[in-house]
């Protein structure tokens, strides 16, 4: 089957649920309750978005959100804000290292959090620019959008593990 690419000329997206969208093609064909998924959720958030049906079969692909009409692009961004919600760490309050496991107490944009990190070498990743991604023992992810914006005490605690 030939892959269907969606842009502002071929289709329009509307939100049908918190994480789901409906796709209406130019010819009037309607696909309901598709699940948008980023193929590169960390490194390329605005490109290559797969639209999956309830059987996880790809119905269509969006190459770039810039190719969609503004309304459709915002529908996808709204779904992703909910689905890929990653709390942003604004302050590292405490870091305790016991028996090879770290326990961090942090402040996030969503409030305080406390979590354990199993493997500091695999679960604390320095990404492009000043961005840091942290994964806890429950596979929850936390982000430090720009470590240079952290206070001095937080940076000291963080750099002990980078």
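Residue numbers (the working numbering): 50 to 211. Every residue gets a Cβ at the ideal spot worked out from N, C-alpha and C, and that includes glycine.
- In the displayed model, residue 144 falls within a strand according to three-state DSSP.
- Classified as exposed, residue 209 has fewer than 16 neighbouring CB atoms from the shown chains inside 10 Å of its CB.
- The residues 142, 143 and 163, in chain order, have a CB closer than 6 Å to that of residue 154 in the same chain once the five nearest residues on each side in sequence are set aside.
- When the Cα atoms are used, residue 123 and residue 105 turn out to be separated by approximately 23 Å.
- Here residue 211 is not near residue 199, since their CB atoms are 8 Å or more apart.
- Per DSSP, residue 59 is not a residue of any beta strand (DSSP E), being assigned neither H nor E.
- The beta carbon of residue 67 sits closer than 7 Å to the beta carbons of 131 from its chain, once the five residues preceding and following it are set aside; these are given in chain order.
- When the Cα atoms are used, residue 113 and residue 90 turn out to be separated by approximately 13 Å.
- By the Cβ-count criterion, residue 148 is exposed, with fewer than 16 other Cβ atoms from all chains shown falling within 10 Å of its own Cβ.
- Our two residues, residue 190 and residue 202, have alpha carbons roughly 22 Å apart in a direct line.
- When DSSP reads this structure, residue 109 sits in a beta bridge with 100.
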